[in-house]
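A quick write-up on the structure given underneath.
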Amino acid sequence: MPQLKKYLSAYSPTLQDKVRQLIAEGKLGQHLASKYPDRHAIQTDKALYAYTAELKQSYLRNAPPIDKVLYDGKLDVVHHALGLHTAISRIQGGKLKAKKEIRIASLFKATPPEFLQMIVVHELAHLKEREHNKAFYQLCEHMQPGYGQYEFDLRLYLTHREMQ
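So the sequence shown is residues 1 to 164, counted in the UniProt record's numbering.
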């Protein structure tokens with residue numbers, strides 16, 4: 001199953017075997033639907049910006065401001081990423097201005113609220129921690145308790161989605 005390698009290769013063989021069993025029994029989708037029955041209502045870039053700004057204000061007040069947040073329909077395909085944070089530097093007059101952007105893959109428009117929060121938290125954490133290190137994951141866990149489980153479940157969701 002190439003999807004397991006793609007999304008779950010970092011997890012233990014025992015855990016991967018449990019996922020294979022759920023897939024073989026045709027129960028992965030049912031498992032996810034029972035665990036995450038709701039879908040969020042954040043459908044526009046404006047609403048996504050407000051949602052992201054609220055999370056940033058709650059947990060990262062001293063981090064640099066975010067200039068733009070939007071759903072990106074090409075993100076998954078072009079960058080092989082689900083979210084992307086960038087700093088775009090421009091010269092305006094005699095000054096160098098850096099603008100921070102967060103782009104979220106459009107597939108998150110139709111996911112449970114926990115998955116949208118997980119990806120936004122992930123991208124916000126990059127404002128403080130560039131690398132995926134221990135401090136980065138501690139910050140993610142602080143902003144969204146249970147972050148590690150949500151990340152795993154999102155990987156299950158993506159695996160299921162590709163199998164459809």
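Virtual Cβ for every residue (Gly too), placed ideally from N, Cα, C.
Query raised in the report: Distance, Cα to Cα, V121 vs E162?
Result: Here residue 121 refers to the residue found at position 121 of the sequence shown. Here residue 162 refers to the residue found at position 162 of the sequence shown. For V121 and E162, the distance between alpha carbons rounds to 24 Å.
Report task. Could you check which residue in Y150, G94, D72 has the C-alpha nearest to that of Y36? Result -> As a first step, residue 36 must be located in the sequence shown, where it is residue number 36. Considering only alpha carbons, the answer is Y150.
Query raised in the report: In terms of alpha-carbon separation, which member of K56, Q30, M118 lies closest to H40?
Result: For the purposes of this step, residue 40 is taken as residue 40 along the sequence shown, with counting starting at 1. If we check each option's Cα against that of H40, M118 comes out closest.
Query raised in the report: Could you give the distance in angstroms between the alpha-carbon of I104 and the alpha-carbon of L84?
Result: Reading the sequence shown from its first residue, position 104 is the one you call residue 104. Reading the sequence shown from its first residue, position 84 is the one you call residue 84. Straight-line Cα distance between these residues: approximately 7 Å.
Query raised in the report: Is the Cβ of A98 closer than 8 Å to any Cβ of chain D?
Result: Protein chain content of the structure displayed is limited to a single chain, and chain D is not contained in it.
**Report entry** Inter-stretch contact (C-beta, 8 Å, three-pair minimum) for the stretch 122 to 140 and the stretch 58 to 71
**Finding:** yes
**Report entry** Same chain only: Cβ atoms within 7 Å of L156, ignoring 5 sequence neighbours per side
**Finding:** Locating residue 156 in the sequence shown gives position 156, counting from the first residue. Correct list, in chain order: V19, L28, L32.
Query - Per-residue DSSP class, three states only, for G148 - result: Counting from 1 along the sequence shown, the entry for residue 148 is found at position 148. In this structure, G148 counts as helix in the three-state DSSP scheme.
Requested in this report: Kindly list the residues whose CB is nearer than 8 Å to the CB of Q43, restricted to its own chain and excluding five residues on each side of it in sequence; keep chain order.
Outcome: Residue mapping note: residue 43 aligns to position 43 of the sequence shown, counting from 1. K109.
Query raised in the report: Does DSSP classify L84 as helix, strand or coil?
Result: Along the sequence shown, read from residue 1 onward, the residue named residue 84 stands at position 84. Three-state result, L84: strand.
Report task. Can you tell me which of F152, G148, Q138, Q164 puts its alpha carbon nearest to the alpha carbon of Y59? Result -> Taking the first residue of the sequence shown as position 1, residue 59 is located at position 59. Here the closest residue by C-alpha is Q138.
Query - Which listed residue (K5, K56, T14, H142) has its alpha carbon closest to that of L127 - result: Position 127 of the sequence shown holds residue 127. Answer by Cα proximity: K56.
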